Structures are given as C-alpha cells and as structure tokens.
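Trainee:
Residue numbers (my numbering), protein chains in the order written: chain U, 1 to 82; chain B, 1 to 335.
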C-alpha cells in the first residue's frame, strides 16, 4: 500500500503539480476540487493507472469515489489488483 | 527560428512545465512514449463500440447527436462523418463567443445547408464574454495543468461550450454528444465514453467557480444544474470520432471543401474559426514562454499524424500583430 501511495504521489507531482512542495498535497485532498486535475487530466491519470498497474478501468469506474485523492486511488488499485 | 532548446524528437520546448531532456536532447515525454497508442486495431474496436451503441440506443428523441460545431476544419469533418458515414440525425450547436470569424460563419451556414442539418446558436451577451476573456488574459483562473494544453482564454471558452452542449443534450434527451477533438487533443480511450454525472459535477466546479466569480449568476444558464446531475441516466455518450478514424489533414480538407467549406484567411494558423485565438496565444506565450498548442501538436508529431517540421511551422511564427491588436482593443474597449 505504501509503495502504491508513493508511486501515485510521484506521478501527481511529476505531471500535475510540477515543482510544488510535498506539503502541497495531502493524501486525502480532492484532486478535482482543488483544481489539481481536470476532466482531461483524469484521462491521463487513467492511462497511467492502466499501464503502471496493468489494470483495466471501466467507464463506470470513472467516478470521484475511485479516483479523486491519493488514498482513494490506492484503495481502487488495491481492489482492482485482487 | 527559435533559439530555445526544443526536444529533438517532438516539438516541446525547455520552457514546458516539468520537462527534462536526455543527453541526445529527447524530452521525458518522448522517452516515456511507448509507440502509437491508437493502433488500427484499437481504433477499430472503438468504432465498433460506437456502431453497437447506435444500434442499441433508443431513438425516441428528434436527434441522435448534438454536435458542438465551430465551423472549423475538424468539427466540419466530424459533422460530415456523423451525417454521411454513420447516417445519424444531427443537431449542431454553435457557441458564438463573439469572435467567430466572418469566414467561419459563412462556412457554418454553407456546410449545415449542404448537409441538411439543423443549427442551434447559443449567443451569450458579448459584454459577459468580454469580461470573462479580459480577466482570463490577466489572471490564472485554473489549475497549472490546464496551462499545458490551452490558453486560459481558450479553457474558459471551451469550458462553457462543453457545459452548454451537455446541458442541451440532457434537456433534449439526445443520446450522443459529438466533438471534433483531434487525436492530439483527446486519447482514443475517451472517444466513446458515457458521460459520468458524478465526475462531471466535480469537474464542472473547476470551470464554473472562476467564471461565476467574474460575471456572477448570468453564467448559470450555460452549466448543468444540480437537478440535472441528480439524473445520471439522462446523461449522453461522448463521441469524438477523429480519435478512432484515420486523421489526415490533407484528406480532411479535401473532403470538407466538397461540402462547401473554405479555408478562412481571417484567423491565425492554429484556428479555422476564432479571431480571438491570436490574442489568446500571444498572451499565453508572453506569460509562459511556450505556445499553448505545443502539447497538442507534440502529441500529433509523436503519433505520426504530422512531421516535426510541420509541427514547428504551426507554433514558431509570431502571431499576426493586427489580429492581436484587434481582439485586445475589442476586449479592453468594453471595460
């Protein structure tokens, strides 16, 4: 789980927050409400998830409950990888 | 020619956010690139998915597709595809942002008449739009990531277009909404996708919030309401066929000329419908030192849709100063 969280954080900082400080993102912060990721960014995120964790994200799984924070993403990846 | 460091494989410059280069001058985006994401086989799969949906979706409404139509090259071709390739009943929605080029307006009329499709014009008050665009030229309204893909002016305009198209489709119970996104603008994976109400509700806030701060409640009629979000079953499918069909600019222009489209000479090279684009690009380049179309065009270069030289040609020349001044004066005069 910790490894997954660390991978997600690296991806978010590298692709969405750029040079921001580590404290700019809490693991429960909403990507969408804080404007870190927008609707197009979600597709980029899904592309990365599928490639990195070898999972398939279905259309109906594209919901904030699965994708909208570091913790939610890690939980979602955990469930999908079972 | 530009003096700044540019990826030796695509066209991303050293000023692009988060970029790095290896010893051969290839950027991190090209290094991560694993070959064409949209192979012929994958594209075929998405077209089949769309064809399957066409045959299953109820056709109780008057129209099958609500198409976001700008009169530009890509959306004209997409409209032709919906009408002639898929034989669908299309309603076009034209969002008049107060800067549609006269040539594009002519194209809209001619093409819609040639294809016998109905057109719905959505024309917000120019005063409202000027206030939005003027603020977007001066302030950072959205997330840092949006700056990679478009100018803040374009993001504001497109945000309104996407919202009003969705709202209208829900109101008119139209099962599909169509967009002419090029392969560089949207991945094939999103080319046939059910609009997710809960995701849209959250992402809409990112656009609605800043625009509402600028102009207040007059912006409300252009966005999806809370009541509409409560009925996710009424949300349409999102279709952008240019991601799953072959994209060849030469062939596209050849085809749309057959239905009356003429290449406008009153817009900048990256737009075939909007006069404001030159000003929007100029502001973005001045502020961030990279062209707002560079991400989209770099994607197309990487995917082989155009050559690196063709890509550079689209982003290197400075904007036409007359066009920049025209929009600037129009926006500032109404202050």
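Here a beta-carbon is modelled for each residue, glycine too, at the ideal position from N, C-alpha and C. Since the structure is predicted, the reported quantities are computational estimates derived from the model, not experimental observations.
1) Along chain B, which residues have their Cβ under 8 Å away from the Cβ of residue 37 of chain U?
2) Residue 47 of chain U and residue 189 of chain B - do their beta-carbons sit closer together than 9 Å?
3) Under 8 Å Cβ-Cβ, which residues of chain U neighbour residue 190 of chain B?
4) Could you give the residue range of the alpha helix (DSSP H) that holds residue 213 of chain B?
5) Just the Cα atoms here: how many angstroms apart are residue 78 of chain B and residue 47 of chain B?
6) Determine the direct distance from the alpha carbon of residue 87 of chain B to that of residue 135 of chain B, and round the result to whole angstroms.
7) Only counting the same chain, and skipping five residues up and downstream in sequence, which positions put a Cβ closer than 7 Å to that of residue 56 of chain U?
8) Please determine, among B:271, B:209, B:75 and B:240, the residue with the shortest C-alpha to C-alpha distance to residue 33 of chain U.
9) Could you name the residues of chain U that residue 198 of chain B contacts, counting a contact when the two beta carbons are closer than 8 Å?
10) Between B:33, B:176 and B:30, which has its C-alpha nearest residue 51 of chain B's C-alpha?
11) Do you know offhand how far residue 61 of chain B's Cα is from residue 172 of chain B's?
12) Can you list the residues of chain U that residue 202 of chain B reaches, using a CB-CB cut of under 8 Å?
13) Check whether chain B comes within 9 Å of residue 47 of chain U, counting only Cβ atoms and requiring the distance to be less than that.
14) Please go through the stretch 117-150 of chain B and give each complete beta strand (DSSP E) segment of 3 or more residues, from N-terminal end onward.
15) Sorted by chain position, which residues of the same chain lie with C-beta nearer than 6 Å to residue 312 of chain B's C-beta, five sequence neighbours on each side aside?
16) In chain order, which alpha helix (DSSP H) runs of at least 4 residues are fully inside the stretch 40-75 of chain B?
17) State yes or no: is the beta carbon of residue 59 of chain U nearer than 9 Å to at least one beta carbon in chain A?
18) Out of U:25, U:6, U:73 and U:5, which has the shortest C-alpha to C-alpha gap to residue 45 of chain U?
19) Name the residue from B:226, B:303, B:327 and B:185 whose alpha carbon lies nearest to the alpha carbon of residue 41 of chain U.
20) Report the rounded CA-to-CA distance for residue 199 of chain B versus residue 36 of chain U, giving the unit in angstroms.
21) Taking residue 22 of chain B as the reference, give the member of B:15, B:31 and B:44 with the closest Cα.
22) Run through the DSSP bridge pairs and tell me what residue 193 of chain B is partnered with.
23) Return no unless some Cβ of chain U is closer than 9 Å to the Cβ of residue 206 of chain B.
24) Which residues in the same chain have their Cβ closer than 6 Å to the Cβ of residue 327 of chain B, if we skip the five residues on either side of it in sequence?
25) Against chain U, which members of the stretch 172-191 of chain B pass a CB distance test of less than 9 Å?
26) Does the beta-carbon of residue 179 of chain B have 16 or more other beta-carbons within 10 angstroms, so that it is buried, or is it exposed?
27) Is residue 7 of chain B buried or exposed, if buried means 16 or more other CB atoms sit within 10 Å of its CB?
28) Using a beta-carbon distance below 9 Å, is residue 25 of chain B in contact with chain U?
29) Under three-state DSSP, which class holds residue 82 of chain U?
30) If I follow the unbroken beta strand (DSSP E) through residue 178 of chain B, where does it start and stop?
31) Find the residues of chain B that neighbour residue 16 of chain U, judging by a C-beta separation of less than 8 Å, and give them in chain order.
32) Would you mind stating whether residue 62 of chain U and residue 323 of chain B have Cβ atoms separated by less than 9 Å?
33) Please tell me whether residue 18 of chain B has its Cβ less than 9 Å away from any Cβ of chain U.
34) Taking 9 Å as the cut-off, decide whether the C-beta atoms of residue 182 of chain B and residue 142 of chain B are in contact.
35) By a C-beta neighbour count over all protein chains shown, 10 Å radius and 16 as the cutoff for buried, is residue 263 of chain B buried or exposed?
36) List the residues of chain B whose Cβ lies closer than 7 Å to the Cβ of residue 100 of chain U, in chain order.
Mentor: The short version:
1) Position 37 of the first chain, counting from 1, holds the residue named residue 37 of chain U. Here the neighbours are 143 and 145.
2) Numbered from its first residue, the second chain carries residue 189 of chain B at position 189. Numbered from its first residue, the first chain carries residue 47 of chain U at position 47. Yes, these two residues count as a Cβ contact at 9 Å.
3) Residue mapping note: residue 190 of chain B aligns to position 190 of the second chain, counting from 1. Correct list: 43.
4) Start at 1 with the first residue of the second chain, and residue 213 of chain B comes out as number 213. Looking at the DSSP string, the run of the alpha helix (DSSP H) that includes residue 213 of chain B is 197-215.
5) Within the second chain, residue 78 of chain B is the residue found at index 78, counting from 1. Within the second chain, residue 47 of chain B is the residue found at index 47, counting from 1. Residue 78 of chain B and residue 47 of chain B have their C-alpha atoms roughly 14 Å apart.
6) Position 135 of the second chain holds residue 135 of chain B. Position 87 of the second chain holds residue 87 of chain B. Going by the C-alpha atoms only, they are around 42 Å apart.
7) Numbered from its first residue, the first chain carries residue 56 of chain U at position 56. Annotation for residue 56 of chain U: 50 place their beta carbon closer than 7 Å to its own, counting only its chain and skipping 5 residues before and after.
8) What you label residue 33 of chain U is simply residue 33 of the first chain in a count that begins at 1. Among B:271, B:209, B:75 and B:240, the Cα nearest to that of residue 33 of chain U belongs to B:209.
9) Taking the first residue of the second chain as 1, we reach residue 198 of chain B at position 198. Under the 8 Å cutoff, chain U gives 63, 64 and 65.
10) Here the question's residue 51 of chain B lines up with position 51 in the second chain. Looking at B:33, B:176 and B:30, the one whose alpha-carbon comes closest to that of residue 51 of chain B is B:176.
11) Reading the second chain from its first residue, position 61 is the one you call residue 61 of chain B. Reading the second chain from its first residue, position 172 is the one you call residue 172 of chain B. Distance between the alpha carbons of residue 61 of chain B and residue 172 of chain B is about 7 Å.
12) Residue numbering aside, residue 202 of chain B sits at position 202 when the second chain is read from its first letter. Those are 30, 32, 33, 64 and 68, listed as they occur along chain U.
13) Sequence index remark: in the first chain, residue 47 of chain U carries index 47 (1-based). At least one chain B Cβ lies under 9 Å of residue 47 of chain U.
14) The stretch 117-150 of chain B contains these whole beta strand (DSSP E) runs: 118-122.
15) Residue 312 of chain B sits at position 312 when you count from the first residue of the second chain. Take residue 312 of chain B, set aside five residues on each side of it, and the residues of its chain with a beta-carbon closer than 6 Å to its own are 11, in chain order.
16) Complete alpha helix (DSSP H) runs here, min 4: 40-56.
17) Chain labels in this structure do not include chain A; the protein chains are U and B.
18) Translated into the one-based positions of the first chain, residue 45 of chain U becomes position 45. Checking every option, the nearest Cα to that of residue 45 of chain U belongs to U:73.
19) Position 41 of the first chain, counting from 1, holds the residue named residue 41 of chain U. The shortest C-alpha to C-alpha distance from residue 41 of chain U to any of B:226, B:303, B:327 and B:185 is the one to B:185.
20) Here the question's residue 199 of chain B lines up with position 199 in the second chain. Here the question's residue 36 of chain U lines up with position 36 in the first chain. Answer to the nearest angstrom: the Cα atoms are 14 Å apart.
21) Sequence index remark: in the second chain, residue 22 of chain B carries index 22 (1-based). The option with the nearest alpha carbon to residue 22 of chain B is B:31.
22) Sequence index remark: in the second chain, residue 193 of chain B carries index 193 (1-based). According to DSSP, which records beta bridges pairwise, residue 193 of chain B is partnered with B:238.
23) Translated into the one-based positions of the second chain, residue 206 of chain B becomes position 206. Yes, its Cβ sits closer than 9 Å to a Cβ of chain U.
24) The residue labelled residue 327 of chain B in the question sits at position 327 within the second chain. Excluding residues within five positions, the ones whose Cβ falls inside 6 Å are 276 and 279.
25) Within the stretch 172-191 of chain B, contact with chain U at the beta-carbon level (separation under 9 Å) is assigned to 185, 186, 187, 189 and 190.
26) Against the second chain, residue 179 of chain B aligns to sequence position 179. Buried, because 16 or more other Cβ atoms sit within 10 Å of the Cβ of residue 179 of chain B.
27) Here residue 7 of chain B refers to the residue found at position 7 when the second chain is read from its first residue. Around the beta carbon of residue 7 of chain B, a 10 Å sphere encloses 16 or more other beta carbons of the protein chains shown; the residue is thus reported as buried.
28) If you number the second chain from 1, residue 25 of chain B lands on position 25. Residue 25 of chain B does not count as touching chain U.
29) By 1-based counting over the first chain, the position of residue 82 of chain U is 82. Three-state DSSP puts residue 82 of chain U in coil, outside helix and strand.
30) Here residue 178 of chain B is taken as the residue at index 178 of the second chain, counted from 1. For residue 178 of chain B, the enclosing beta strand (DSSP E) starts and ends at 176-178.
31) Here residue 16 of chain U refers to the residue found at position 16 of the first chain. Those are 143, 144 and 145, listed as they occur along chain B.
32) Indexing the first chain from 1 puts residue 62 of chain U at position 62. Indexing the second chain from 1 puts residue 323 of chain B at position 323. For residue 62 of chain U and residue 323 of chain B, no; Cβs fall outside 9 Å.
33) Locating residue 18 of chain B in the second chain gives position 18, where the first residue counts as 1. Chain U, which has a Cβ nearer than 9 Å to the Cβ of residue 18 of chain B, makes this yes.
34) The count along the second chain starts at 1 and reaches residue 182 of chain B at position 182. The count along the second chain starts at 1 and reaches residue 142 of chain B at position 142. Not in contact: residue 182 of chain B and residue 142 of chain B (Cβ atoms no closer than 9 Å).
35) Position 263 of the second chain holds residue 263 of chain B. Looking at its Cβ environment, which holds fewer than 16 other Cβ atoms inside 10 Å, residue 263 of chain B is exposed.
36) This structure cannot settle anything about residue 100 of chain U, because the visible part of chain U is limited to 1 through 82.
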